[in-house]
Amino acid sequence: MSMRSVTTATFAAEVLEQDRPVLVDFWAPWCGPCKALAPVLTEIAEEHRHELAVVKVDIDDNPEIAVGYDVMSIPTVILFVDGKPAATITGAQPKAKILDSLTPWL
Numbered sequence: 001m002s003m004r005s006v007t008t009a010t011f012a013a014e015v016l017e018q019d020r021p022v023l024v025d026f027w028a029p030w031c032g033p034c035k036a037l038a039p040v041l042t043e044i045a046e047e048h049r050h051e052l053a054v055v056k057v058d059i060d061d062n063p064e065i066a067v068g069y070d071v072m073s074i075p076t077v078i079l080f081v082d083g084k085p086a087a088t089i090t091g092a093q094p095k096a097k098i099l100d101s102l103t104p105w106l
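In structure tokens form, the structure reads like this:
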């Protein structure tokens, strides 16, 4: 199961208007740490598919989303709950650390 890509056009419907938490991976194709983090996020998406959605935003194609949420470096992962950022994880972190950050919502 691969993560869905979200664009500026679909961000509100796919992230902000969801009734469950949405984990958003801000990434770019040229970012090595982003590529390293992708399989970890895919695992989290599969293991927690009933509790949360996991999507990705290519910051090169959708820079306004990244700017709007002050994403200064990638990878950055932001958990949105009820349409608002609830947790931010910057850098390629190990799965356990990411899950620890998400625990209150899982």
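So the sequence shown is numbered by the UniProt record's numbering: it starts at 1 and just counts up by one.
Note that the Cβ used here is the ideal one computed from N, Cα and C, for glycine as well.
Predicted model, so just to flag it, every value in this text is computed and none were measured.
Could you spell out where the alpha helix (DSSP H) holding residue i opens and where it closes?
i	result
Ala45	Gly32 to Glu47
Ile98	Lys95 to Leu102
What whole-angstrom Cβ distance do residue i and residue j have, given they're in contact under 8 Å?
i	j	result
Arg40	Ile98	Just to set this straight, residue 40 is Val in the shown sequence, not Arg. Yes, Val40 and Ile98 are in contact; Cβ-Cβ is about 7 Å, under 8 Å.
Phe26	Val6	The Cβ separation is near 10 Å, so there is no contact.
May I ask which residues mark the beginning and end of the beta strand (DSSP E) holding residue i?
i	result
Ile89	Lys84 to Thr90
Asp25	Val22 to Trp27
Val81	Thr76 to Val81
When DSSP builds the beta bridges, which residues end up paired with residue i?
i	result
Ala60	First, the amino acid is wrong: residue 60 is Asp here, not Ala. Beta-bridge pairing links Asp60 to no other residue.
Val55	Arg4 and Val24
Could you tell me the alpha carbon to alpha carbon distance between residue i and residue j, rounded to whole angstroms?
i	j	result
Thr76	Asp19	22 Å
Val81	Leu23	9 Å
Phe11	Val55	10 Å
Pro33	Gly91	7 Å
Ser73	Asn62	14 Å
Taking its Cβ as the centre, do 16 or more other Cβ atoms sit within 10 Å of residue i, making it buried, or is it exposed?
i	result
Ala36	exposed
Val67	exposed
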